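Enquirer: One structure, pasted below without further comment.
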Amino acid sequence: MRQRGFTLIEMIAVMVIMATLAVMALGSFNPNDYALSAARDELVGALRYAQSMSLSHTGATHYEVTLSTTGYSVTRGGAAIAHPVTGASAYNSSWSNVTLDSSGTVSFDGYGEPGLAGGLAWSGNQLVVTVSVGSVSDTLRVERITGFVR
Numbered sequence: 003m004r005q006r007g008f009t010l011i012e013m014i015a016v017m018v019i020m021a022t023l024a025v026m027a028l029g030s031f032n033p034n035d036y037a038l039s040a041a042r043d044e045l046v047g048a049l050r051y052a053q054s055m056s057l058s059h060t061g062a063t064h065y066e067v068t069l070s071t072t073g074y075s076v077t078r079g080g081a082a083i084a085h086p087v088t089g090a091s092a093y094n095s096s097w098s099n100v101t102l103d104s105s106g107t108v109s110f111d112g113y114g115e116p117g118l119a120g121g122l123a124w125s126g127n128q129l130v131v132t133v134s135v136g137s138v139s140d141t142l143r144v145e146r147i148t149g150f151v152r
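In terms of my numbering, the sequence shown is residues 3 to 152.
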């Protein structure tokens with residue numbers, strides 16, 4: 003009579019394969035990758051918000067994003083604005099483990115075109131900002147004519 007099921011040897015072989023895959027996956031885990039992605043996405047969101055608010059207010063006052071090496075702030079005509087999601091009195095962020103390679107101000111006019119001040123400069127037709135966490139880094143780009151942030 004034949005019984006169905008797995009033998010002990012087959013079960014041990016599957017467990018060895020699973021353990022090997024788990025060790026390989028754990029070795030590729032780097033928490034800095036997640037912190038970098040979160041900081042970069044947060045900064046892209048702030049730049050896009052400033053541009054969309056400038057467009058919707060048809061240039062009456064410009065919205066700006068002021069970058070420092072450890073964070074950013076979003077203002078309207080130089081005055082602090084409330085955070086659109088949290089409602090905090092100022093829309094800014096300061097990071098302890100994230101650095102930006104540039105400092106200065108990106109302002110958007112009523113057409114959504116960016117302007118630079120305070121040490122920021124165009125690299126061709128783009129503003130390039132490098133965001134770093136530990137040994138990993140990524141760049142974000144602001145297009146000169148359209149203001150598109152990617």
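Don't be surprised by glycine CBs; every beta carbon is placed ideally from N, CA and C.
For clarity, every value in this text was computed on a predicted model and none was experimentally measured.
Given a cut-off of 8 Å, decide if Ala41 and Val133 are closer than it, judged by their beta-carbon atoms.
Expert: The residue labelled residue 133 in the question sits at position 131 within the sequence shown. The residue labelled residue 41 in the question sits at position 39 within the sequence shown. For Val133 and Ala41, yes; Cβs fall inside 8 Å.
Enquirer: Rounded to the nearest angstrom, how far is the Cβ of Asn34 from that of Gly136, given a contact under 8 Å?
Expert: For the purposes of this step, residue 34 is taken as residue 32 along the sequence shown, with counting starting at 1. For the purposes of this step, residue 136 is taken as residue 134 along the sequence shown, with counting starting at 1. About 4 Å separates the two Cβ atoms, so the contact holds.
Enquirer: Residues in its own chain within less than 8 Å of Asp111 by CB, not counting five upstream and five downstream?
Expert: Numbered from its first residue, the sequence shown carries residue 111 at position 109. Ser56, Gly61, His64 and Gly117.
Enquirer: From which residue to which residue does the alpha helix (DSSP H) around Gly29 run?
Expert: As a first step, residue 29 must be located in the sequence shown, where it is residue number 27. Unbroken alpha helix (DSSP H) run through Gly29: Leu10 to Gly29.
Enquirer: Of all the options Ala81, Thr68 and Leu28, which has the alpha carbon lying nearest to the alpha carbon of Ala119?
Expert: Taking the sequence shown and counting its residues from 1, the one referred to as residue 119 is at position 117. Cα-wise, what sits closest to Ala119 is Thr68.
Enquirer: Consult DSSP for Glu115 and reduce its assignment to one of helix, strand or coil.
Expert: Working through the sequence shown from its first residue, we reach residue 115 at position 113. In the structure shown, Glu115 sits in coil (DSSP, three-state: anything other than H, G, I, E or B).
Enquirer: Could you give the distance in angstroms between the alpha-carbon of Thr148 and the alpha-carbon of Gly114?
Expert: The residue given as residue 148 occupies position 146 in the sequence shown. The residue given as residue 114 occupies position 112 in the sequence shown. Those two C-alpha atoms are separated by around 7 Å.
Enquirer: Check this for me: beta carbons of Val151 and Arg50, under 8 Å apart or not?
Expert: Within the sequence shown, the letter at position 149 stands for residue 151. Within the sequence shown, the letter at position 48 stands for residue 50. A contact, by the Cβ cut-off of 8 Å.
Enquirer: Going by the CB atoms, is the gap between Ala48 and Tyr74 shorter than 8 Å?
Expert: Against the sequence shown, residue 74 aligns to sequence position 72. Against the sequence shown, residue 48 aligns to sequence position 46. It is a contact, given that the beta carbons lie within the stated cut-off.
Enquirer: Thinking C-beta only, is Val100 closer than 8 Å to Asn32?
Expert: Position 30 of the sequence shown, counted from the first residue, corresponds to residue 32. Position 98 of the sequence shown, counted from the first residue, corresponds to residue 100. In this structure, Val100 does not lie closer than 8 Å to Asn32 by Cβ.
Enquirer: Pick from Ser39, Leu10 and Arg4: whose alpha carbon is nearest that of Thr141?
Expert: Position 139 of the sequence shown, counted from the start, is the residue given in the question as residue 141. When each option's Cα is compared against that of Thr141, the closest is Ser39.
Enquirer: Would you kindly report the start and end of the unbroken alpha helix (DSSP H) that includes Gly47?
Expert: Translated into positions along the sequence shown, residue 47 becomes position 45. Run containing Gly47: Pro33 to Ser58, per the alpha helix (DSSP H) assignment.
Enquirer: Please list the terminal residues of the continuous beta strand (DSSP E) segment that includes Ser139.
Expert: Numbered from 1 along the sequence shown, position 137 holds the residue referred to as residue 139. Run containing Ser139: Val138 to Glu145, per the beta strand (DSSP E) assignment.
Enquirer: When you compare the CB positions of Thr71 and Leu102, do they come within less than 8 Å of one another, or not?
Expert: Taking the first residue of the sequence shown as position 1, residue 71 is located at position 69. Taking the first residue of the sequence shown as position 1, residue 102 is located at position 100. The answer is yes: Cβ separation under 8 Å.
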